[in-house]
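J.: The sequence shown begins at 442 in my numbering and counts up by one.
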Amino acid sequence: MNATTIWSHWQGLLSGFARCFTVPGWKRFVEWITALVLNVEEHTITQSVIAVQRIDDWKAMETFAETGAWDSQGVEDSLAQVIETAPGRIWHGFHVSAVDDTKVHRSSPEVWGTCTFHEYTARCPNRAATVRAHNWVVLGALLHNPDQPAWFLPQAGRLYFRKSQLPGGKHPPSQRHPFRTKCELAVELLRAEAEAVGGSHLGVFDGAYALGSVVRPLVVPESGHPRIEFLSRLRHDARLTALPPTERRPGQRGPLPKWGPALPPPRQGGRWKAPWQEGYAFIYGRRRKVRWKEVVCLWRVLGHDVPVKAVVAEVEGYKERFTLVSSAVSLSGLEMVELFAARFRQEDGFRDLKQRLGWEECRAWTENPIRRTSQAQWATMSLLRLLQFRLDQEVEHGWWQPPPWNRKKERPSVLDVERLLRLHRSEIQQCLSDWLGDQRESA
Numbered sequence: 442m443n444a445t446t447i448w449s450h451w452q453g454l455l456s457g458f459a460r461c462f463t464v465p466g467w468k469r470f471v472e473w474i475t476a477l478v479l480n481v482e483e484h485t486i487t488q489s490v491i492a493v494q495r496i497d498d499w500k501a502m503e504t505f506a507e508t509g510a511w512d513s514q515g516v517e518d519s520l521a522q523v524i525e526t527a528p529g530r531i532w533h534g535f536h537v538s539a540v541d542d543t544k545v546h547r548s549s550p551e552v553w554g555t556c557t558f559h560e561y562t563a564r565c566p567n568r569a570a571t572v573r574a575h576n577w578v579v580l581g582a583l584l585h586n587p588d589q590p591a592w593f594l595p596q597a598g599r600l601y602f603r604k605s606q607l608p609g610g611k612h613p614p615s616q617r618h619p620f621r622t623k624c625e626l627a628v629e630l631l632r633a634e635a636e637a638v639g640g641s642h643l644g645v646f647d648g649a650y651a652l653g654s655v656v657r658p659l660v661v662p663e664s665g666h667p668r669i670e671f672l673s674r675l676r677h678d679a680r681l682t683a684l685p686p687t688e689r690r691p692g693q694r695g696p697l698p699k700w701g702p703a704l705p706p707p708r709q710g711g712r713w714k715a716p717w718q719e720g721y722a723f724i725y726g727r728r729r730k731v732r733w734k735e736v737v738c739l740w741r742v743l744g745h746d747v748p749v750k751a752v753v754a755e756v757e758g759y760k761e762r763f764t765l766v767s768s769a770v771s772l773s774g775l776e777m778v779e780l781f782a783a784r785f786r787q788e789d790g791f792r793d794l795k796q797r798l799g800w801e802e803c804r805a806w807t808e809n810p811i812r813r814t815s816q817a818q819w820a821t822m823s824l825l826r827l828l829q830f831r832l833d834q835e836v837e838h839g840w841w842q843p844p845p846w847n848r849k850k851e852r853p854s855v856l857d858v859e860r861l862l863r864l865h866r867s868e869i870q871q872c873l874s875d876w877l878g879d880q881r882e883s884a
């Protein structure tokens, strides 16, 4: 594998973002993304320009991050479209996307957009119980990877602010950022993804988002928005009813009922009048046996006009049953369990963003650099994965090897792709310099 081939693939992946910037701005964007990959120090702009040996570009890069022309929605749409080329993007007939929120810690109250949050000490014993952080609601693509864990590629995010700590809180109400709940932000992200890329879409999220304010706007959207199916965890005490009768009984008067008879709650799903089924699926790291029941019914949270499929499943290796609900009634119960388990790859993605791409190393203090740095890091991680897929298809004997301390490693990590580019650092730096030309001072 030579540097020219790697650079050619890298340029091809980045070419779709040209429409989001001016010509000088696009070159700054490519330089920034490439520097984030080659940088082994803190992933700040200063260290990034040092990593590609273009120290004279520091001021221009800082200006670009702060005030340069940057179409954020265009970057999101371009990233969504380039991810469409990835293998496994269609999974069980849907574009599958995961949504969750995560905190990116910042210590200073002077940093724009930070809020205070309670941090459970059991999860982080060496950190204070109350922390200051940016709270991002993030959407990413889940790609099918047969008989292996799914791939997660981050695409877009929105900052959530506590109502009592909105940016510009000292200014008049007309100059403050409007308060928006995490549920509203999740709906916005899923809609933007569905509008950028056609086809059937499925949003997968945890039970914290399984609320009427999320599922109803997705499945019964206002005019002009596409319908988006959902898959989420179902409360053990959720109110479910059978489908209502479609014909009147002899002599029955009045309107037909909108709700059918009440069903046992999910914690008593074994009492549903449906047969137990058995199958195997790749769940949490290995193939597991699944025994499940599924029933098409109505869910009080969503309303009487939209049928859903509820599933109760016993998964090998887990004591508690899985209880799931989806508006995509075409999915089988086994497919629902498989897709919901894949959602946890998003947590691995958050880890890679923070540990490999320095999501918590941002030194920006103002709004634009904070938003743009995060968007650049999401794009970088997704492009690294897409580069990996292209190399897998092109290189016959593999471009990476499992390390001697982990011979059983079956798939490359984000770090493996970074190591490949860093192995050819000098050649890629030269390719980047030749491509940028004499643009060393313009922003």
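Ideal Cβ positions, reconstructed from N, Cα and C, are used throughout, including at glycine.
Beta-carbon separation of F791 and L765 under 7 Å?
T.: Along the sequence shown, one-based indexing puts residue 791 at 350. Along the sequence shown, one-based indexing puts residue 765 at 324. No, the pair does not count as a contact, with Cβ atoms beyond the cut-off.
J.: Can you find a heavy atom of the ligand HEM that lies under 6 Å from the Cβ of V747?
T.: Looking at this structure, you won't find the ligand HEM or any other ligand, since it has none at all.
J.: Do L584 and G529 count as a contact pair if the criterion is CB distance below 7 Å?
T.: Against the sequence shown, residue 529 aligns to sequence position 88. Against the sequence shown, residue 584 aligns to sequence position 143. Yes.
J.: As a quick exercise: from R573, H612, R603, V660, pick the residue whose alpha carbon is nearest that of E551.
T.: Reading the sequence shown from its first residue, position 110 is the one you call residue 551. Residue R573 is the option with its Cα nearest to E551.
J.: Nearest to P410 by CA position, among Q829, D793, Q522, R689, is which residue?
T.: There is no way to answer for residue 410, as the model of the chain reaches only from 442 to 884.
J.: Are the CB atoms of Q816 and V858 within a distance shorter than 7 Å?
T.: Locating residue 858 in the sequence shown gives position 417, where the first residue counts as 1. Locating residue 816 in the sequence shown gives position 375, where the first residue counts as 1. The answer is no: Cβ separation not under 7 Å.
J.: Which value, in whole angstroms, describes the spacing of the CA atoms of L827 and T821?
T.: Counted from its first residue, the sequence shown places residue 827 at position 386. Counted from its first residue, the sequence shown places residue 821 at position 380. Taking the straight line joining both Cα atoms gives about 10 Å.
J.: Going by Cα to Cα distance, which pick from T508, Y601, F593 is closest to V545?
T.: Reading the sequence shown from its first residue, position 104 is the one you call residue 545. It is Y601.
J.: Look up Y601 in the DSSP assignment and say whether it is helix, strand or coil.
T.: Position 160 of the sequence shown, counted from the first residue, corresponds to residue 601. The answer is strand: DSSP assigns Y601 an E or B state.
J.: Rank W713, W841, N809, E835 by C-alpha distance to the C-alpha of E507 and give the top, closest one.
T.: The residue labelled residue 507 in the question sits at position 66 within the sequence shown. For the residues W713, W841, N809, E835, the minimum Cα distance to E507 belongs to N809.
J.: Name the one or two DSSP bridge partners that G581 has.
T.: Locating residue 581 in the sequence shown gives position 140, where the first residue counts as 1. According to DSSP, G581 bridges with A539, P595.
J.: With C-beta atoms as the reference, is W499 less than 7 Å away from V493?
T.: For the purposes of this step, residue 499 is identified with residue 58 of the sequence shown, where counting begins at 1. For the purposes of this step, residue 493 is identified with residue 52 of the sequence shown, where counting begins at 1. No, these two residues do not count as a Cβ contact at 7 Å.
J.: From P844 to R852, what distance separates their C-alpha atoms?
T.: The sequence position of residue 844 within the sequence shown is 403, counting from 1. The sequence position of residue 852 within the sequence shown is 411, counting from 1. Roughly 11 Å between the two C-alpha positions.
J.: What residues in its chain sit with their C-beta under 6 Å from that of R891, if we drop five residues either side in the sequence?
T.: Residue 891 cannot be examined here, being either before or after the span of the chain that is shown, 442 to 884.
J.: Taking only the alpha-carbon atoms, compute the straight-line gap between E636 and K604 and give it to the nearest angstrom.
T.: Walking along the sequence shown from the start, residue 636 turns up at place 195. Walking along the sequence shown from the start, residue 604 turns up at place 163. Cα to Cα, the separation comes out at about 29 Å.
J.: Here's the rule: buried if 16 or more other CB atoms are within 10 angstroms of the residue's CB, otherwise exposed. What is W740?
T.: Taking the sequence shown and counting its residues from 1, the one referred to as residue 740 is at position 299. Burial call: buried.
J.: Starting from the Cα of L626, find the closest Cα among P613, P658, G758 and give me that residue.
T.: For this step, residue 626 is matched to residue 185 along the sequence shown. That would be P658, whose Cα lies nearest to the Cα of L626.
J.: Secondary structure at F458, three-state DSSP: helix, strand or coil?
T.: For the purposes of this step, residue 458 is taken as residue 17 along the sequence shown, with counting starting at 1. DSSP places F458 in helix when its eight states are reduced to three.
J.: With the cut-off set at 7 Å, would you say G720 and L775 are in Cβ contact?
T.: Counted from its first residue, the sequence shown places residue 720 at position 279. Counted from its first residue, the sequence shown places residue 775 at position 334. Going by C-beta atoms, G720 is nearer than 7 Å to L775.
J.: Rounded to whole angstroms, what is the Cα-Cα separation between E472 and L873?
T.: Reading the sequence shown from its first residue, position 31 is the one you call residue 472. Reading the sequence shown from its first residue, position 432 is the one you call residue 873. Each residue's Cα considered, the two are about 7 Å apart.
J.: What is the residue span of the alpha helix (DSSP H) that T526 lies within?
T.: Residue mapping note: residue 526 aligns to position 85 of the sequence shown, counting from 1. Neither: T526 is in no alpha helix (DSSP H) and is coded neither H nor E.
J.: Given a threshold of 16 other Cβ atoms within 10 Å of its Cβ, counted over all protein chains shown, does S768 qualify as buried or as exposed?
T.: For the purposes of this step, residue 768 is taken as residue 327 along the sequence shown, with counting starting at 1. Classification of S768: buried, given that the 10 Å Cβ count is 16 or more.
J.: How should H865 be labelled, buried or exposed, when 16 other C-beta atoms within 10 angstroms of its C-beta is the threshold for buried?
T.: Stepping through the sequence shown from its first residue, residue 865 is reached at position 424. The residue in question, H865, is buried, as its Cβ has 16 or more Cβ neighbours within 10 Å.
J.: Are the CB atoms of V749 and V731 within a distance shorter than 7 Å?
T.: The sequence position of residue 731 within the sequence shown is 290, counting from 1. The sequence position of residue 749 within the sequence shown is 308, counting from 1. Taking 7 Å as the Cβ cut-off, V731 and V749 do not qualify as a contacting pair.
J.: Over what stretch of residues does the alpha helix (DSSP H) that includes G790 continue unbroken?
T.: Along the sequence shown, read from residue 1 onward, the residue named residue 790 stands at position 349. 786-796 is the extent of the alpha helix (DSSP H) around G790.
J.: Closer than 8 Å is the cut-off here; do at least three beta carbon pairs connect the stretch 476-491 with the stretch 788-805?
T.: Judged by Cβ distances under 8 Å, the stretch 476-491 makes contact with the stretch 788-805, as three or more pairs qualify.
J.: Return the residue from the list Q842, G644, H484 that minimises the CA-CA distance to I531.
T.: As a working mapping, residue 531 is identified with position 90 in the sequence shown. The candidate whose alpha carbon is nearest that of I531 is G644.
J.: What's the call for Q787, buried or exposed, on a 16-neighbour Cβ count within 10 Å?
T.: In the sequence shown, the residue the question calls residue 787 occupies position 346. Result: buried.
J.: In the DSSP assignment, find the beta strand (DSSP E) that holds S771 and state where it starts and stops.
T.: As a working note, residue 771 is residue 330 in the sequence shown. Note, S771: premise wrong, no beta strand (DSSP E); not H, not E.
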